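Report on the structure given below.
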Amino acid sequence: MSRIGNKVIQVPAGVTVTLSPENYAVVKGPKGQLEFQFNQSLDIKMEGADITISRPNNEIFTRKIHGTTRALLANMIIGVSTGFKKQLEIRGVGYRASLTGNVVNLSLGYSHPIELEIPAGLKVTIPKNTDVIVEGADKQLVGEFSAKIRSFRKP
-12 MSRIGNKVIQ VPAGVTVTLS PENYAVVKGP KGQLEFQFNQ SLDIKMEGAD
38 ITISRPNNEI FTRKIHGTTR ALLANMIIGV STGFKKQLEI RGVGYRASLT
88 GNVVNLSLGY SHPIELEIPA GLKVTIPKNT DVIVEGADKQ LVGEFSAKIR
138 SFRKP
């Protein structure tokens, strides 16, 4: 029994979820649009502002993806309505970050500056030269880009 998979997802006002018969979900909101291809062994139904995910059988693979699919769909809804945010702090003498157009420049004590291009769908702000804020609608993309920045110098 999947405890997370059985929970009902509530869609807030201002967010539209479109479920297609081809196992495709499109979530639109004020922060953007996200798309998701879910497994065909699950049944996703939308009744009003509630989304329920059920599994027709108890096979091991179906049980595994039941809760995962529900969590991914819920994170998409949260992402397009409020968004996700990661705050990073660069610690070290002389370490700093700057923003030039669509590129984050990191000066972390290497012999060369590190330049990272910001992926589409993310917004990066640098209020101080030691603070980096990564924001976006896609939770996975925000986490991956933050981890990439952090990987050059771990605190």
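Here the numbering used here is used: position 89 in the sequence shown is 76, and no number is missing along the way.
Positions of the beta carbon are idealized from the N, C-alpha and C atoms, including for glycine.
Keep in mind that this is a model prediction, so the values were computed, not measured.
Whole-angstrom Cβ separation of residue i and residue j, contact assumed at under 8 Å?
i: S133; j: L75; result: 6 Å
i: G123; j: G88; result: No, G123 and G88 are not in contact; Cβ-Cβ is about 18 Å, not under 8 Å.
i: M33; j: V4; result: 6 Å
Grouping DSSP H, G and I as helix and E and B as strand, with all else coil, what is residue i?
i: A0; result: coil
i: E131; result: helix
i: R50; result: helix
i: T56; result: helix
i: N89; result: coil
i: G16; result: strand
i: I(-9); result: coil
For residue i, which of the options has the nearest alpha-carbon?
i: N26; options: S41, K110, V129; result: S41
i: I64; options: K126, K141, G(-8); result: K126
i: L21; options: R83, P100, L128, T49; result: L128
i: V67; options: V2, R50, S7; result: V2
i: E131; options: K72, V(-5), L6; result: K72
i: V111; options: I101, N92, P100; result: N92
i: N62; options: F23, T49, P100; result: F23
i: K115; options: L6, L86, N(-7); result: L86
According to the neighbour-count rule (16 or more other Cβ atoms, all chains shown, within 10 Å of its Cβ), is residue i buried or exposed?
i: R78; result: exposed
i: K18; result: buried
i: T56; result: buried
i: V80; result: exposed
i: A107; result: exposed
i: I136; result: buried
i: G96; result: exposed
i: N90; result: Before going on, a small fix: residue 90 reads as Val here, not Asn. It counts as exposed.
i: V119; result: buried
i: V121; result: buried
Would a C-beta distance cut-off of 9 Å place residue i and residue j closer than the cut-off?
i: I47; j: Q(-3); result: no
i: P(-1); j: A36; result: yes
i: G54; j: I(-9); result: yes
i: S94; j: R83; result: yes
i: L29; j: N45; result: no
Is there at least one non-hydrogen atom of the ligand ADP closer than 8 Å to the beta-carbon of residue i?
i: E76; result: Only the bare structure without any ligand can be found here, which leaves the ligand ADP out of the picture.
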